[in-house]
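Here the structure comes first, spelled out in structure tokens, and everything after it is commentary.
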Amino acid sequence: MGTRSTGGRPANRRQHGSGSIRRLPSGRFQALYIGPDRVRRPGPHTYSTRQDAEGWLAQTMRDIELGVWDPNPP
Numbered sequence: 150m151g152t153r154s155t156g157g158r159p160a161n162r163r164q165h166g167s168g169s170i171r172r173l174p175s176g177r178f179q180a181l182y183i184g185p186d187r188v189r190r191p192g193p194h195t196y197s198t199r200q201d202a203e204g205w206l207a208q209t210m211r212d213i214e215l216g217v218w219d220p221n222p223p
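Right, dumping it as structure tokens:
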């Protein structure tokens, strides 16, 4: 009966503040976030586990909070 969760979002996506994690058809996970410039950006690569994607997203959100975020990391 579909892939909806109780929050109305697709079950394969979880919100994290200004970011989200989604499971791709490949089974890997992608982190997405909205930067202070209001641009939606994907993480630098996909992750094999949801926890790895969440960790990267948490660090990125922390960098934004601390004012050290770089929109063009090396």
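Numbers 150 to 223, taken from our numbering, label the letters of the sequence shown in order. Note that the Cβ used here is the ideal one computed from N, Cα and C, for glycine as well.
Assuming Gly184 contacts Arg190 under a Cβ cut-off of 8 Å, what Cβ separation, rounded to an integer in Å, is found between them?
6 Å
Thr195 versus Thr209 - alpha carbon distance:
15 Å
Look at the alpha carbon of Gln179 and the alpha carbon of Ser167, and state the distance between them as a whole number of angstroms.
14 Å
Start-to-end residues for the beta strand (DSSP E) that takes in Leu181
Phe178 to Ile183
Residues sharing a beta bridge with Pro220, DSSP:
According to DSSP, Pro220 bridges with nothing at all.
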